[in-house]
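Novice:
Residue numbers (the numbering used here): 12 to 170.
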């Protein structure tokens with residue numbers, strides 16, 4: 012059961028209304044991530060216009076002062092599920108803004124996203140994580156029961 016800090020609220024994202032606040036949250040949450048590139052409002056709106064986008068799987072935690080503090084966006088690839096005989100959804104984005112970390116928001120958002128996937132009929136949740144994530148994501152995922160399926164290594168070289 013997700014446990015949110017006192018006076019924080021959880022709700023689905025309102026894609027058009029929340030665009031600017033969500034983009035700011037995203038950029039502040041992932042600023043420490045490897046290869047981070049700031050998201051723009053235009054690109055956010057483009058992503059949310061995809062026919063398979065589901066607002067019920069796109070959650071935001073709002074601090075008592077109205078600040079967007081954390082997010083969890085899940086996706087279901089029904090075509091892949093049908094093709095592979097799976098019933099799985101993905102935790103596509105899970106982030107907590109600096110200043111709101113280490114108070115349980117990440118765990119609460121992750122569990123909330125998993126509940127939304129379950130309510131949508133999924134029986135498995137998947138995610139991917141940077142092994143060197145500096146904010147404790149790997150430990151969070153392990154603490155709620157995720158386990159490693161496989162590892163991949165990416166290389167990059169300027170040419």
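All residues carry an ideal CB built from backbone N, CA and C; glycine is no exception.
Would residue 149 and residue 136 qualify as a contact pair, given that the criterion is a beta-carbon distance under 7 Å?
Specialist: The residue labelled residue 149 in the question sits at position 138 within the chain shown. The residue labelled residue 136 in the question sits at position 125 within the chain shown. Going by C-beta atoms, residue 149 is not nearer than 7 Å to residue 136.
Novice: Taking 8 Å as the threshold, find out whether the region 91-98 comes into contact with the region 64-82 through three or more Cβ pairs.
Specialist: no
Novice: Extract the residue ranges of the alpha helix (DSSP H) inside the region 28-67, only unbroken runs of 4 or more that lie entirely within it.
Specialist: 30-40, 52-59
Novice: May I have the straight-line CA-CA distance separating residue 72 from residue 22, to the nearest angstrom?
Specialist: Walking along the chain shown from the start, residue 72 turns up at place 61. Walking along the chain shown from the start, residue 22 turns up at place 11. Distance between the alpha carbons of residue 72 and residue 22 is about 7 Å.
Novice: For the candidate residues 163, 59, 120, whose alpha-carbon lies nearest to that of residue 139?
Specialist: By 1-based counting over the chain shown, the position of residue 139 is 128. Of the candidates 163, 59, 120, the one whose C-alpha sits nearest the C-alpha of residue 139 is 163.
Novice: Which runs of the beta strand (DSSP E), 3 residues or longer, sit entirely within the region 86-136?
Specialist: Runs of the beta strand (DSSP E) spanning 3 or more residues and lying entirely within the region 86-136 occur at 99-107, in chain order.
Novice: Among residues of its own chain, excluding the 5 on either side of residue 74, which ones have a beta-carbon nearer than 7 Å to its beta-carbon?
Specialist: Along the chain shown, read from residue 1 onward, the residue named residue 74 stands at position 63. Closer than 7 Å at Cβ, skipping near neighbours: 19, 80, 111.
Novice: Cutting at 8 Å between CB atoms, please list the residues of its own chain near residue 116, excluding the five before and the five after it.
Specialist: As a first step, residue 116 is located in the chain shown; it is residue number 105 there, counting from the start. Close CB contacts of residue 116 within its chain, under the 8 Å cut and outside five residues either way in sequence, are with 15, 16, 19, 72, 80, 81, 107 (chain order).
Novice: Which residue's Cα is closest to the Cα of residue 167: 65, 41, 45, 88?
Specialist: The sequence position of residue 167 within the chain shown is 156, counting from 1. Comparing Cα positions, the closest option is 45.
Novice: Exposed or buried, which one is residue 124 when buried takes at least 16 other CB atoms within 10 Å?
Specialist: The sequence position of residue 124 within the chain shown is 113, counting from 1. With at least 16 other beta carbons inside 10 angstroms of its own, residue 124 counts as buried.
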